[in-house]
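Enquirer: Chains as they are written, first to last, in the numbering used here: chain Z, 1436 to 1967; chain B, 2 to 939. Provided herewith is a single structure, encoded as structure tokens, for subsequent inquiry.
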Amino acid sequence: MAERDAPPDEPLTDEQLSDALPTDAPAGDEQVPARPARGRARRVALLSLRLVAGTVSVAAAALTIAVVGLVPIPIAAVVPAGVQVVPVAADQLRVCPGSVLRLGDESGENADIPIAIGVPSVRADAIGTSLARESISNSDASTGGTPSAPQVLRIAPGDGAAIAGAQSQVVDARDYVGFAAAACSEPSGSIWLAGGSMAVGRTSILTLTNPTAVGALVTLTILGEKGPVEAPGMNGIDVPPGSQKVVSLAGFAPGLVSPVIHVEARGGQVTASLQQSIVRGLDAVGVDLVDAAPDPATYLTFPGVRIFDSVGTNRALSLEDWSDVAPIVRILNTGAIATEVTVSVTPLDPAFEGTSFPVQAEPGTVTDVPLDAGTEVDSGVALADGLYTVTMSADQPIVGGVRVSAAADIGAIETEGPVDAPVSDLAWYSAAPLLTDDTLLTIAPGPDPTLTAVNPTATEIAVVLQAQGGADITLVVPAGGAASTPVEAGTTYVLREPAGLFATVSYAADDRMASYPVSSARPVSGPILIRP
Amino acid sequence: MQPRVTAILVVRNGEEWLDRTLPALAAQTRRPDDFVLVDAASSDGSAARLATAGPTRFVTAPALAFGAAVNHGLRSLAPVESPDDWLWLLTADTAPEPRALERLLAAVEVAPSVAIAGPKIVDPDDRASLLSYGESISRLGETVRLVDGELDQAQYDADGDVLGVTSSAMLVRRSVWSHLGGFDPGLPTTDAGLDFSIRTRLSGARVVRVSDARVSRAVRPEDYGRRKPASDRVRFRLGRTAQLHRRLAYAPGGALLFHWLALVPLALLRSIGHLLGKRPTLIGGELASGFAAAFDGSVPGARRTLKRARRIPWSAIAPLRVPADELRERRAAQRERDSGVTEEPELVRASFFAGGGAWIVLVAALAGLGVFWRLLQTDVIRGGALLPIGSHVPTLWTNLMIGPREGAVGLIGPADPFSAVLAVLGSLTAWNPSFSLVLLWLAALPLAALGAWWCATRLSERRWPPIVAALLWMLAPPFLAGLSDGRPTGVLVHLVLPFLVLAGIEARRSWSAAATASILLAIVVAASPVLAPALVVVVVAWAAVNPRSIVRVLGIVIPAAALFAPIVFWQLMRGTPLGLLADPGPAVTSDAPSGWLLLLGLPSAADDRWAGIGTALGLPLATLAPAVLLAPLALVALLAVFLPGARRAIPALAVSLVGLGTALLAAHIAVASSGAEAVTPWIGSALSLYWLGLAGAAVVGLDAVGRVSVLIGLLVLLTAGTAVGPLLVAPGLGTSAVDAGDDRLLPALVEARADADPGIGTLVLSAQRDGSLAVTIARDAGTTLDETSTLVTTRRALSDQDSELAELAGNLASRSGFDPEPELQKLRIAFVVVPDVGDGATGPQSATRQRTTEALDATAVLTPTGKTPLWEYGALAEDSGTPFAPTVIGRSVPLAQGVVFVVALLLAIPTSRRRRSVRELGPLESDPADTFDEDDDG
């Protein structure tokens, strides 16, 4: 306090002086010459400061570049939310194609009007739940609501519930004589049909049935030996809910010999069935229903292709307009580039000889090749009677079919005069789909029903055919081989654990050839991950 | 009869002045006849000092106001009521000159009508400086100090009669004092003397000022009893409160109600005036005084006292009021004096036309037209994250309320801050809000050039560096990438940043600039929330180096904070705080860039167009082209730290580092999701900040190198221009994501039905790359840009409603036995659309889409329409429910945000008169920029 209050004019002590001034800087005028020296020092200090700051900055920049450029940093990302939704199971549907149709009446008039011929015998069964069966209510063939109409089989969803049905029909009408059998199939948005012919005397009728509650807009793609067919009216064919549409393929592609048809439905799903009938000259000799083929694949299996009465058939070949009783394979290459298809024909009976041959398939083009193309035809009969497994393999996805015919032996043909046509029938085999799970199978009535199973896997598969009211059958299918068993017409079997097999039911008699593939129920829509 | 004078000295914590005041009183040539010392509860040593003051009456009073303390002291006196009894009112700090009392008395003795005499109040340190010499009021009752801090040149000596005098050292007839009840208790400090004088005048007596009596005063009357002088804010509040009190006290009875009702509205109006006048600190006092006056209990007493005392009408004293024109003149003179004191040296900067700015903007405008010629014919720009803006302008604004957010069922929350930006943008082109984005794109290049040029003139006085800066900013890789990839947020940030820097630098000394910066900051952060941390760091650092304007600089963040407060609250409550960093708008993925690309300023691997050119030409080394071409820029920027001006270059590079760090972080946190994809924020905006620092440092460097700067600048421009060349021309060649488009988000059929039946929803099922299916509901004609919400894109957990929606979508996408009708009705879905997956679709993606379309085709209640993947649900019932009504909070939150922005806007509007600078300038180089403290080593 006293120090602070000291008057300012009191002289400073020496000690205070030396505190106040730098010891080496004399007071007074001598300070003036010192200034440039201090300025120099300051400049040097500033320069070095700048250098240091700059160097530090450059180093920091280099470090930054190195860190950003070189150091990997893990990404911390949110996991987008999602819910696995298991769809509610829907009713299972099967549609049986309905009776064989004719174009025009018996007198040959009204040739553009489809008319049903008779009533097919339909066998249907369900396990695990009760079966509802009704005729489609509306048909171009005016069969709506009658037993001649396509039959819709329906079951409610349930654990272990399964449904199956099949139909067959013996037809004996003017221009339509023969035997046809078909499985009742699941509706789909995309159906391939490999079969039929529109050559002279051959009639192919496509039926489209929409059993759903949604109208379907169907687009047809017809491919033939010369590629895709362009014709008006193939787009936007309206198939209203619960109705059957009948389409004569001759209207789109008259004279086409080797059609393969792709049916695409938008809106409701449909079933499609192709009916082929043959009139040779004046003789109606053959009716068949072509079942849906599986989607294009690089490997197709046709189990149990039945060669029947090969001697009679061979003999009938020489008759006028009978050339197409010979068995053929039909191949469509759906890929974008040409491919070589290897067709192999393997008899079930090891005593017989099989054959294998390549077929060149151009993209979008259908090729028909005789089934015995690989055999040397000198003894007359290339393939002996019996069951054969036909497989096709290619690099490109293909669709295929196999046609076989039978004709009664009319003996040696006299060269003179007309010959009575033999009884005959044809059958189109569709490639069998892979069986995945326990499968219900109904055997339609018919001559000598036989189930043939092919096992392409490397392990033997024993499948039990559990009869619904009848004797069970156990069929052992060797690895890489095939096996067949007679089955009871009109009986429904549950195929237990058939996964890995391909199977077909076939019928054979001189005048009654038919087949249909065995299909597992298509998988219901699987669960789907939804991200709201 | 000899007058009798009682001096009353009121002391409240005035110890420091008593040493001067007491001797001054003792030295009076005319000693007061009575001397009353009133200690108004001083807490310092005043009481002790007074006790030793000699022959006086010493009165201890509670802590009273001056007037009340005087009355308290009077009680100790005999109630002698002679007309020649005078009171001399003194405070601790009023030290009269020796002859003061004598001269005051001399003045009153010759004029019996005088009841009050006031001396000249002078500065104790400079006796020639007049602090107060008479007071008056304007026509509106505002206090007018007739003299306020002027040099005494005897200019006022001639005129003695005044309306009032200040309370300091006032000599007042004691009878008048008693009759009028002394000072108004409602006016404890300010205007106490004036009000008393007015009442005296109204009672018929005169008030004079005495030119040869001087009293020095250390503190203003407002500071009576205060330890520290009151701040301007407090003085304003006290003055305004006193004025309002007087207004209510003086008002005729009929007008009283009107005045009372007008108090609060007037306070609000005047607050707006303060904002426009850049005096935001006064608003608190304005409102406080308004409310204080509204509940002022002393008004009735004051009115009674006045009524009792008044003998002559108000009109009689009207000539003593200050007329309006004189008031105007006084104010102008005052402004002149103020600006003379506070005016900072006018900034010298290159002029827009002569400095080349205009040419650069013109060149940029032509370049913009050339690059975006495809947009010249269109109303809508599409691609990337660009969507149309809703076409109904009022809806743009009502969507800002807290309400249902489109894209998620039942999600109620605040709108994205960016929606407010879009509302403003859309309102600019109200006839077609989407068109504003087209204009933004067309004007982007010239706007970028203008902003950068303007900003660079703060860093460099030369002509050339700002031009380089303008072109560098226009050619910034993140900017061109944003323009080419369709990122409106990134483009907006890039355009606003230079203006933000400019305003932010000025913010330290200008309210207007601070408010402008605050609005620009809110726009930047709203457009790119990922920049928020970086910008807050920069603002805080800037505040730290400007401690004197720390409040003003930190205040820059207020509007942005207000804008983000609701969504911050929502995201925190939901437990997704990182979601705050998500970009507004649709969540759009970009190809993650490598660290090297980040260094080159490229926000997406797709923007590395040199790599594509290299691949096409078979020159793998072309990948290195941008790195080589941008090297000169980096070198100049780094060179700047070695040159004079490093104090500006180093902060610029620090900003650059902050920007790069933000970009690096943002590139590695995916906070939003779109379907199955996690989406990172658009890092272009962070890279704009990076580029800002680089360009700034380069400008400083160019500024420092002198004449070579033209050459170096040209080199930098040429190389940088080549580096971004492919990116620049991409929109013109049609190889970029953005292009002219239409405003159709959903098929026309949906639009048509939505017109007729507003509120219908469209279920959008998009197959994802991983085979999952994303589902959203678009209302009406589709989700427009302003309707998108980060609350939707950053959801992490699914609500029950989401699960229900998933159930519906999952079954619609499957052949199932599910009955979708109840759910479709509940969600009011009229359409289902399955967008195309495009060329790059994965196998599972195509399969999922196929499955979905097939299943929808097979759904009986849905009707496929035409060829587009669109299904209609025809059986949708008419809307029966009541539409969503925002809650009170939902309405008031955006309203409150709006108020914040209006305040900022009012504050930002430049209103101060610019003084014309007429001085001739030398060569531009000779005057250093004053943006930063000039380097003394320059």
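Note that the Cβ used here is the ideal one computed from N, Cα and C, for glycine as well. Predicted model only: the values in this text are computed from it and were never measured.
Is it the case that the Cβ atoms of residue 592 of chain B and residue 607 of chain B are separated by a distance below 7 Å?
Expert: Residue mapping note: residue 592 of chain B aligns to position 591 of the second sequence, counting from 1. Residue mapping note: residue 607 of chain B aligns to position 606 of the second sequence, counting from 1. Yes. Within cutoff.
Enquirer: Leaving out the 5 sequence neighbours to the left and right, which residues in its chain are closer than 8 Å to residue 854 of chain B when beta-carbon positions are compared?
Expert: Position 853 of the second sequence holds residue 854 of chain B. Result list for residue 854 of chain B: 835, 870, in chain order.
Enquirer: Pairing CB atoms from the region 818-834 of chain B with CB atoms from the region 454-463 of chain B, are three or more of them under 8 Å?
Expert: No: the two stretches stay apart, fewer than three of their Cβ pairs being nearer than 8 Å.
Enquirer: Quick one: does residue 1729 of chain Z have its CB under 7 Å from some CB of chain B?
Expert: In the first sequence, the residue the question calls residue 1729 of chain Z occupies position 294. Chain B, which has no Cβ nearer than 7 Å to the Cβ of residue 1729 of chain Z, makes this no.
Enquirer: So is residue 698 of chain B in contact with chain Z if we call contact Cβ pairs under 7 Å?
Expert: Along the second sequence, one-based indexing puts residue 698 of chain B at 697. Output row for residue 698 of chain B: interface = no.
Enquirer: If I follow the unbroken alpha helix (DSSP H) through residue 826 of chain B, where does it start and stop?
Expert: Indexing the second sequence from 1 puts residue 826 of chain B at position 825. Looking at the DSSP string, the run of the alpha helix (DSSP H) that includes residue 826 of chain B is 822-828.
Enquirer: Note down, in chain order, every chain B residue with its Cβ under 8 Å from the Cβ of residue 1598 of chain Z.
Expert: Along the first sequence, one-based indexing puts residue 1598 of chain Z at 163. Residues of chain B passing the Cβ test: none, with the nearest at roughly 15 Å.
Enquirer: From residue 1945 of chain Z to residue 1877 of chain Z, what does the alpha carbon distance come to, in whole angstroms?
Expert: For the purposes of this step, residue 1945 of chain Z is taken as residue 510 along the first sequence, with counting starting at 1. For the purposes of this step, residue 1877 of chain Z is taken as residue 442 along the first sequence, with counting starting at 1. Rounded to whole angstroms, residue 1945 of chain Z to residue 1877 of chain Z spans 23 Å at the Cα level.
Enquirer: Return the residue from the list B:328, B:172, B:131, B:137 that minimises the CA-CA distance to residue 158 of chain B.
Expert: Numbered from its first residue, the second sequence carries residue 158 of chain B at position 157. Comparing Cα positions, the closest option is B:131.
Enquirer: So is residue 1510 of chain Z in contact with chain B if we call contact Cβ pairs under 7 Å?
Expert: For the purposes of this step, residue 1510 of chain Z is taken as the residue at position 75 of the first sequence. So, interface residue.
Enquirer: For residue 1706 of chain Z, count neighbouring C-beta atoms within 10 Å of its own C-beta (all shown protein chains included) and say buried if the count is 16 or more, exposed if not.
Expert: Within the first sequence, the letter at position 271 stands for residue 1706 of chain Z. Buried, since its Cβ has 16 or more Cβ neighbours within 10 Å.
Enquirer: Indicate the three-state DSSP secondary structure (helix, strand or coil) for residue 456 of chain B in the structure shown.
Expert: Position 455 of the second sequence, counted from the first residue, corresponds to residue 456 of chain B. Three-state result, residue 456 of chain B: helix.
Enquirer: Round the Cβ separation of residue 1941 of chain Z and residue 1618 of chain Z to the nearest angstrom and send it over; I've been treating them as touching at under 8 Å.
Expert: In the first sequence, residue 1941 of chain Z corresponds to position 506, counting from 1. In the first sequence, residue 1618 of chain Z corresponds to position 183, counting from 1. Rounded, the Cβ-Cβ distance is 12 Å, inconsistent with contact.
Enquirer: Which residues in the same chain as residue 563 of chain B place their Cβ atom closer than 6 Å to its Cβ, once the five residues preceding and following it in sequence are excluded?
Expert: Here residue 563 of chain B corresponds to residue number 562 of the second sequence, with the count starting at 1. Result list for residue 563 of chain B: 898, 901, in chain order.
Enquirer: Does DSSP put residue 1469 of chain Z in a helix, in a strand, or in coil?
Expert: By one-based count along the first sequence, residue 1469 of chain Z stands at place 34. Annotation note: pLDDT 46 at residue 1469 of chain Z (below 50); position unreliable, coordinate value reported separately. Looking at residue 1469 of chain Z - three-state DSSP - the assignment turns out to be helix.
Enquirer: Closest Cβ-Cβ distance between residue 1677 of chain Z and chain B: below 7 Å?
Expert: Indexing the first sequence from 1 puts residue 1677 of chain Z at position 242. No, residue 1677 of chain Z lies away from the interface with chain B (no Cβ there is under 7 Å from its Cβ).
Enquirer: Is residue 13 of chain B helix, strand or coil by DSSP?
Expert: Looking up residue 13 of chain B in the second sequence gives position 12. Looking at residue 13 of chain B - three-state DSSP - the assignment turns out to be coil, as it is neither helix nor strand.
Enquirer: Kindly say whether residue 626 of chain B, judged by its beta-carbon, lies nearer than 7 Å to any beta-carbon of chain Z.
Expert: Position 625 of the second sequence, counted from the first residue, corresponds to residue 626 of chain B. Cβ-Cβ to chain Z under 7 Å: no for residue 626 of chain B.
Enquirer: Cβ of residue 1960 of chain Z less than 7 Å from any chain B Cβ?
Expert: Stepping through the first sequence from its first residue, residue 1960 of chain Z is reached at position 525. Yes - at least one Cβ of chain B is within 7 Å of the one on residue 1960 of chain Z.
Enquirer: Just mark residue 373 of chain B as buried or exposed, buried being the case when its beta carbon has 16 or more other beta carbons within 10 Å.
Expert: Taking the first residue of the second sequence as position 1, residue 373 of chain B is located at position 372. The residue is buried, with at least 16 neighbouring Cβ atoms inside 10 Å.
Enquirer: Fully enclosed by the region 1631-1659 of chain Z, which alpha helix (DSSP H) runs are 4 residues long or longer?
Expert: Counting whole runs of 4 or more residues, the region 1631-1659 of chain Z contains no alpha helix (DSSP H) stretch at all.
Enquirer: Quickly, what does DSSP pair residue 572 of chain B with across the bridge? List them, please.
Expert: In the second sequence, counting from the first residue as 1, residue 572 of chain B sits at position 571. Beta-bridge pairing links residue 572 of chain B to no other residue.
Enquirer: In whole angstroms, what separates the C-alpha of residue 765 of chain B from that of residue 1700 of chain Z?
Expert: For this step, residue 765 of chain B is matched to residue 764 along the second sequence. For this step, residue 1700 of chain Z is matched to residue 265 along the first sequence. Using only the alpha carbons, I get a separation of about 23 Å.
Enquirer: Nearest-angstrom Cα distance between residue 1948 of chain Z and residue 749 of chain B?
Expert: Residue 1948 of chain Z sits at position 513 when you count from the first residue of the first sequence. Residue 749 of chain B sits at position 748 when you count from the first residue of the second sequence. Those two C-alpha atoms are separated by around 55 Å.
Enquirer: What residues of chain Z sit near residue 670 of chain B, judged by a beta carbon separation below 7 Å?
Expert: The sequence position of residue 670 of chain B within the second sequence is 669, counting from 1. Chain Z residues near residue 670 of chain B: 1511.
Enquirer: Just verifying my parser: in three-state terms, what is the DSSP assignment at residue 308 of chain B?
Expert: Locating residue 308 of chain B in the second sequence gives position 307, where the first residue counts as 1. Three-state result, residue 308 of chain B: helix.
Enquirer: Measure how close the beta-carbons of residue 1598 of chain Z and residue 1527 of chain Z come, nearest whole angstrom, since I'm counting them as under 8 Å.
Expert: Working through the first sequence from its first residue, we reach residue 1598 of chain Z at position 163. Working through the first sequence from its first residue, we reach residue 1527 of chain Z at position 92. The Cβ separation is near 5 Å, so the contact holds.
Enquirer: Once DSSP output is grouped into helix, strand and coil, what is the label at residue 669 of chain B?
Expert: Translated into positions along the second sequence, residue 669 of chain B becomes position 668. It is coil, neither helix nor strand.
Enquirer: With H, G and I counted as helix, E and B as strand and the rest as coil, what does DSSP make of residue 818 of chain B?
Expert: Taking the second sequence and counting its residues from 1, the one referred to as residue 818 of chain B is at position 817. Residue 818 of chain B: coil per DSSP, three-state reduction.
Enquirer: Please find out if some non-hydrogen atom of the ligand ZN comes closer than 6 Å to the beta-carbon of residue 697 of chain B.
Expert: Here there are no bound small molecules, and the ligand ZN is not part of this structure.
Enquirer: Please specify which runs of the beta strand (DSSP E), each continuous and at least 3 residues long, are wholly inside the region 1742-1799 of chain Z, giving them in chain order.
Expert: The qualifying runs are 1763-1768, 1774-1782, 1790-1796.
Enquirer: Should residue 163 of chain B go down as buried or exposed, given a rule of 16 or more other Cβ atoms within 10 Å for buried?
Expert: The sequence position of residue 163 of chain B within the second sequence is 162, counting from 1. Residue 163 of chain B should be labelled buried.
Enquirer: Take the Cβ of residue 1631 of chain Z as the centre, count every other Cβ of all protein chains shown within 10 Å, and call the residue buried at 16 or more, exposed below.
Expert: Translated into positions along the first sequence, residue 1631 of chain Z becomes position 196. Buried, since its Cβ has 16 or more Cβ neighbours within 10 Å.
Enquirer: Quick check: what's the CA-CA separation for residue 1565 of chain Z versus residue 1884 of chain Z?
Expert: Reading the first sequence from its first residue, position 130 is the one you call residue 1565 of chain Z. Reading the first sequence from its first residue, position 449 is the one you call residue 1884 of chain Z. Those two C-alpha atoms are separated by around 26 Å.
Enquirer: Per DSSP, residue 91 of chain B is paired with what?
Expert: Counting from one through the second sequence, the residue named residue 91 of chain B turns up at place 90. For residue 91 of chain B, which the question treats as bridged, DSSP gives the partners B:10.
Enquirer: Hey, how far is the Cα of residue 109 of chain B from the Cα of residue 125 of chain B?
Expert: If you number the second sequence from 1, residue 109 of chain B lands on position 108. If you number the second sequence from 1, residue 125 of chain B lands on position 124. Roughly 25 Å between the two C-alpha positions.
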